[in-house]
Amino acid sequence: MTVRHSLLGLLAQQPRYGYELRAAFTALAGGSDNWNVTPAQIYTTLNRMLESGLVEIEPSDNGSTSEKRKFHITPAGLEEFNRWLLTDVRDEPQQDAFYLKLMLSRHLDFVDTSRLIQIQRNGLYRDLHRITQAREKLDQRTDLARIMIMDKAIMHLEADLRWLDMVESRLDEVVKQPPPEVCLRPRGRPQKNSPGSDRQ
Amino acid sequence: MAIIEVKDLTKIYGNGDNAVRALDSINLSIEEGKFVAVMGPSGCGKSTLLHLIGGLDRPTSGSVMIEGKDIAKMKDDQLTELRRRKMGFIFQFFNLIPVLNAAENAALPLILDGVKQERAKARAMEWLQKNQLGDRSTHRPDELSGGQQQRVAIARAMISNPLIILADEPTGNLDTRSGDEIASVLRSLVSDWGRTVLMVTHDPRIAAYADRIIFLKDGKIVDDTLMSSDAPENARRLKEKVESL
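Protein sequences appear in the order of chains X and V.
Under our numbering, the first residue of the first sequence is numbered 361, with each subsequent residue one higher.
Under our numbering, the first residue of the second sequence is numbered 35, with each subsequent residue one higher.
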C-alpha cells in the first residue's frame, strides 16, 4: 500500500511516465539497495489504479505499454492520497520474529537459547556496521535527507541491541517462566461425541 | 602475524576469599590494521583487558605479545619504552592538562621524550590539523567542547606515531553527535593510516564503526564477531536432534 500511495504522491507532484515513476520512487526511498521495487510491481500497481480511477493516461500520449504511457492523477486519486498522507503510520513492535524464536527455544532441548541471542546480536551489529559505513560516506550538506533515514535505522538497531542485552541479562528467569497458557476452545459448533464437545 | 596476541590471560584482584577473577584465561589474536571493539556488561573485564594489553597493569598469569614480544616479561623501563613508542592511549575523560593549550597538550609525549619544543609543536599542529583543530591550537581544554578535547587527546595519542591505539570508552563522556565524530576519527586512523585500534565501549552505535566486536562476560570471551562475514551456526546439536527423530 505504501508503494501505491507513494506513486500517487509522485503523480500529485507532476504527470510522469511509467519508467519515470519507478526511478522517482527508488530515489525517494533512498536507492534500490534500500527498497527495491520491480518494474512489474510498478506496472501492476499503476494498472490497478487505472481501473479504480485514481490515475489516468494522458490522452495525447496513449502508448502501447505502461512504460511508455504518461500518467496523471485524478481528483479521486488526490483525495485517496491525501487521506493516506493524513493518517498516522504504525508498525507492529510486538509482532517480533526473534521473540517467537526465543520463546520456542525455551522448551526445546537441542537449542541453546543464549546462542540464539548471540546470532541475533551479530546480525544486528552487522546491519548497524553496514549502515554506519554507508552513512559515513554521505555528505552532511547534500545528503541530509538520506542521513535522516539512516539515523532512524541506526536508532532502531540500537534499541533492538539494548533490548537483547536486557533479555540476555534476565535469560535465566525468562527460561524458567511457564509456557504461555493455550486456549483450546474449538471454533464453531461442537461436533457430537468429539472429546471437546462438552466444553463451553 | 598478529600484532596483539593474548594467551591464557588471567587477572585476579585481591586474594583468598576476596579474590576477584577479572579475566579468566583469555585467548585473543588481533591482526594489524583492524578496528576492534570490546563490549560487555560493566565489570566483565573489558577495561582490565585493555589495561593489560597496554601494559598499564600486570597479568596474574598468561602472556600479552605485542609484535611477538611478551610484555608481561618486560622490566618496567622496557615496558615504558614500548608504551611510548608503540602505543597511544585515549581515555573517557580526555586526561588533558588544564594549564596547557591544545598544541602543548598534543606535543607533550614528544617533549617528555626529549624532542625540541619547536619540532614537537610542529608535529602537534600536523595532527591537530588532521583532526580539524588547526584553528584551536592555542585554546586551553576548558575553552574546547568535549568532542574537541577528545580530538586533542587523539592528536596527543598519535604524535609519537604508535602502531596501536587503545581507547577506553572514548565517547563515554560525549553527546551522540560528538561521539559519532570521535568514532569516525578512530575509524580513519585504521582505514586511512593503517593503525590498529582496540576500543572498549558499551555503546552499540560506536561499536558499529569497528571491523570486529569481542563480547566479554564474567572475564571470559563469550562471542567474537567479524562485521563482514556470517555467524557460524551451531550445526552439531541440530544434527544430533535430526538423527534422534
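For each residue, glycine too, the CB sits at the ideal point set by N, CA and C.
DSSP three-state assignment for residue i, whether helix, strand or coil
i	result
residue 413 (chain X)	coil
residue 122 (chain V)	strand
residue 86 (chain V)	helix
residue 468 (chain X)	coil
residue 242 (chain V)	coil
residue 131 (chain V)	coil
residue 491 (chain X)	helix
residue 100 (chain V)	strand
residue 432 (chain X)	strand
residue 95 (chain V)	strand
residue 73 (chain V)	strand
residue 153 (chain V)	helix
residue 376 (chain X)	strand
residue 264 (chain V)	Confidence at residue 264 (chain V) is low in this model, with a pLDDT of 42, below 50, so the placement of that residue is unreliable and no value is reported for it.
residue 81 (chain V)	helix
residue 473 (chain X)	helix
residue 194 (chain V)	coil
residue 483 (chain X)	helix
residue 209 (chain V)	coil
residue 382 (chain X)	helix
Closest residue to residue i among the options (Cα-Cα distance)
i	options	result
residue 520 (chain X)	V:238, V:55, V:71	V:238
residue 206 (chain V)	V:221, V:126, V:146	V:126
residue 162 (chain V)	V:146, V:145, V:135, V:176	V:135
residue 453 (chain X)	X:517, X:467, X:399	X:517
residue 65 (chain V)	V:95, V:213, V:262, V:100	V:100
residue 434 (chain X)	X:529, X:410, X:378	X:410
residue 503 (chain X)	X:391, X:523, X:528	X:391
residue 73 (chain V)	X:495, X:485, X:531, X:469	X:485
residue 403 (chain X)	X:393, X:377, X:394	X:377
residue 373 (chain X)	X:479, X:432, X:396	X:432
residue 45 (chain V)	V:38, V:53, V:39	V:53
residue 401 (chain X)	X:363, X:456, X:494, X:507	X:363
residue 144 (chain V)	V:195, V:218, V:224	V:195
residue 88 (chain V)	V:70, V:109, V:116, V:62	V:116
residue 38 (chain V)	V:47, V:180, V:83	V:83
residue 86 (chain V)	V:253, V:261, V:176, V:279	V:253
residue 106 (chain V)	V:142, V:169, V:40	V:40
residue 512 (chain X)	X:538, X:501, X:495, X:456	X:495
residue 235 (chain V)	V:109, V:98, V:124, V:90	V:124
residue 483 (chain X)	V:278, V:257, V:78	V:257
residue 247 (chain V)	X:532, X:501, X:524, X:478	X:478
Per-residue burial, residue i [other beta carbons within 10 Å of its own, 16 or more giving buried]
i	result
residue 133 (chain V)	exposed
residue 121 (chain V)	buried
residue 548 (chain X)	exposed
residue 76 (chain V)	exposed
residue 459 (chain X)	exposed
residue 138 (chain V)	buried
residue 112 (chain V)	exposed
residue 155 (chain V)	buried
residue 245 (chain V)	buried
residue 233 (chain V)	buried
residue 192 (chain V)	buried
residue 365 (chain X)	buried
residue 440 (chain X)	buried
residue 231 (chain V)	buried
residue 203 (chain V)	buried
residue 226 (chain V)	exposed
residue 537 (chain X)	exposed
Per DSSP, the bridge partner or partners of residue i
i	result
residue 403 (chain X)	BP columns for residue 403 (chain X) are empty, so no partner.
residue 63 (chain V)	V:39
residue 200 (chain V)	V:123, V:232
residue 255 (chain V)	V:250
residue 45 (chain V)	V:57
CB of residue i within 8 angstroms of CB of residue j, strictly
i	j	result
residue 208 (chain V)	residue 186 (chain V)	no
residue 367 (chain X)	residue 406 (chain X)	yes
residue 189 (chain V)	residue 165 (chain V)	yes
residue 492 (chain X)	residue 509 (chain X)	no
residue 534 (chain X)	residue 542 (chain X)	no
residue 436 (chain X)	residue 414 (chain X)	yes
residue 428 (chain X)	residue 375 (chain X)	no
residue 42 (chain V)	residue 81 (chain V)	no
residue 60 (chain V)	residue 255 (chain V)	yes
residue 219 (chain V)	residue 69 (chain V)	no
residue 229 (chain V)	residue 197 (chain V)	yes
residue 498 (chain X)	residue 242 (chain V)	no
residue 462 (chain X)	residue 445 (chain X)	no
residue 280 (chain V)	residue 180 (chain V)	The structure shown does not extend to residue 280 (chain V), since chain V spans only 35 to 279, so no value can be given for it.
residue 130 (chain V)	residue 175 (chain V)	yes
residue 102 (chain V)	residue 159 (chain V)	no
Review point. At a Cβ cut of 8 angstroms, what residues of the segment 227-243 of chain V count as close to chain B, listed as they run along the chain?
Key: You won't find chain B in this structure, because its protein chains are X and V.
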